[in-house]
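So in the numbering used here, spot 15 of the sequence shown is number 1103, and the numbers just go up one at a time.
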Amino acid sequence: MSRGRGALALAVLVLAALPVATAHAAPQARPTLAERLVERVTLDGVNRHLIAFQRIADRNGGHRADPSPGYTKTQDYITDSLRTAGFDVTSHEFTYDRVVIDRAVVAAGATSLAPNPLIGSPDTAVGGVTGPLAVVPADADSGCQAADYAGLTTSGAVALVKRGGCPYTQKLLVATGLGAVAVVFYNHSVGAVGGVVDPAQARIPAVMLGSADGARLTGLGGVSTNVEVRRHVEATVSHNVIAQTRTGRKDNVILLGTHSDSVTTSPGVNDNGSNGAATLELARKLGGSPRINNAVRFAFWGADVPHSGAAPYLNSLNDEQRLDIAMYLDVGPLGSPNGGHFVFDGDNSAGQAGPMPYGSAQIEKTFVDFMTGIGVQTEPAPVVGQGNYATFIAAGIPTGGPFAGIPHIKSPAQAAKWGGTAGIAFDPCNLAPCDNLGNINREILSRNADALAFATGTYAMSTEDVNGVPPRDRRASSRVVWAAVTATVDGERA
């Protein structure tokens, strides 16, 4: 064998000894950092932030909505906590169109109620629209098809429809086709949650009531009912709070995003307190200068309304800065009192998410594997709607995250799997005054916070399974070997 071939053979042998990296290599099952973060992020630490959020709401009109003094105090608390943990914190200012409700009323006879108008539905003229109340019988999918209105006079009527079974837009189209002049939805839980309908298809006003208010109307079939909705838009300034570790690759960043505010009708201790508290405690326990391979960025989005917070932030970045984001972990409410353990459906196994960016399925697997390892079953959460995650998915950025469930009804199978009560919402107090410190399932919150800590610690060390970027030690060993190979080959040539 010639000396040149001997050097080449040495190179092949040395390279063969290296671990082989593939596009589908999974992150280490229990990276040291991930283990430490799971230990450090405690329920007591998360709960301490929830207490702070409750007290801020109590001192500021019962809520922490953006814009309000309570929201400003919430941002100040988060900023101070992050700086104490060693982060450089920046405030990203943006302007969004805030919808201001001038008047929203449902009046059936002597009963007058204040609903939430659905986003995308048209307003009424001054004085609203009036017609007899057509009460659609409540079942699992009431109002999803015309047959549900059998025996009711619908032409010129105001339809009362219970939420659930199919999208709002479908129910609105059915009622419109039958001649209704407005639709009043009512929730299956306490809060009068918001909702979105397709503005291109919505031709009559649609509003939402809480379960108790809806129940008050169910016995008023045929009563003359007036629905009036008038809104205007105000340009409103808000801020995202952004903090990033000083260590780790700046061109392969793990971005975690969450809200921490509430609506004006609620202190928002679960929504968005639990997710904000868990993310904040994770940031504090990670610290501003950890020994990590990839930088971790925390974003506390402002203005929890569609297309606000995350969208202006991402739009402010150029193409190279977007490429620097290896993935986006979206953190939804994690402590729903009747909740469960959902993970964003990165592989579209439930058939509702649609195509997801490459790497999303791997993120889902990381969360699912952790939960499986502690004996907890998960379910895929459909990635639908206009949440912050939609902004990153549209940009092709791998996306995933945990979620405890909020407005949907818990099934018997889910109650058997996770405990709790079947037939009621995961969070019956969503957007209501009772979303307070007593509205948290701390066992579920603790598990979800642990899963978030594990995933963050895993990807802070390596994103190889998501985007092919190997960890530092593998890159370093490759460079050492190639240096030795080059020196050997050059020596043989000399």
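All C-beta atoms in this analysis are idealised placements derived from N, C-alpha and C, irrespective of residue type, glycine included.
DSSP assignment within the stretch 1411-1460 yields the following whole beta strand (DSSP E) runs of 3 residues or more, N-terminal first: 1413-1418 and 1430-1432. The three-state reading of DSSP puts threonine 1324 in strand, counting E and B together. Non-local beta-carbon contacts of tyrosine 1256 in its own chain, meaning distances under 8 Å to residues more than five positions away in sequence, involve Leu1206, Phe1273, Gly1283, Val1284, Val1285 and Ala1294 in chain order. When secondary structure is reduced to three states using DSSP, lysine 1250 falls in the strand class. Comparing C-alpha distances from methionine 1549 to each of Arg1337, Arg1171 and Glu1369 shows the shortest one belongs to Arg1337. By the neighbour-count criterion, in which 16 or more other beta carbons inside 10 Å mark a residue as buried, histidine 1327 falls on the buried side. Measuring C-alpha to C-alpha distances from phenylalanine 1386 to each of Ala1366, Ser1396, Pro1470 and Thr1546 identifies Ala1366 as the nearest. Nearest in C-alpha terms to valine 1393, of all of Leu1138, Pro1210, Ala1153 and Leu1305, is Ala1153. Collapsing the DSSP output to three states places serine 1534 in a helix.
Setting aside the 5 residues that flank it on each side, alanine 1226 is surrounded in the same chain by Lys1250, each with a C-beta closer than 7 Å to its C-beta; the list follows chain order.
Partner residues in the beta bridge of threonine 1218, as assigned by DSSP, are Asn1314. When rounded, the separation of the alpha-carbon atoms in alanine 1482 and proline 1355 is 32 Å.
Fewer than three pairs of CB atoms, one per stretch, sit closer than 8 Å, so the stretch 1481-1497 makes no contact with the stretch 1237-1247. DSSP places aspartate 1301 in the uninterrupted alpha helix (DSSP H) bounded by 1299-1306. Around the beta carbon of histidine 1320, fewer than 16 other beta carbons sit within 10 angstroms, so the residue counts as exposed. For the pair glutamine 1502 and proline 1470, the CB atoms are not nearer than the 7 Å cut-off. Leucine 1201 and aspartate 1412 have their C-alpha atoms roughly 49 Å apart. Assigned with DSSP and collapsed to three states, glutamine 1258 falls in helix.
Annotation: isoleucine 1342 is outside any alpha helix (DSSP H); the continuous beta strand (DSSP E) that includes it extends over 1337-1347. For the pair threonine 1172 and glutamine 1332, the Cα-to-Cα distance works out to about 13 Å.
Between glycine 1197 and aspartate 1229, the C-beta gap is not smaller than 7 Å, which leaves the two residues out of contact. When the beta-carbon positions are compared, asparagine 1314 and alanine 1195 come within less than 7 Å of each other. Proline 1486 sits close to glycine 1447, with the two beta carbons spaced by under 7 Å.
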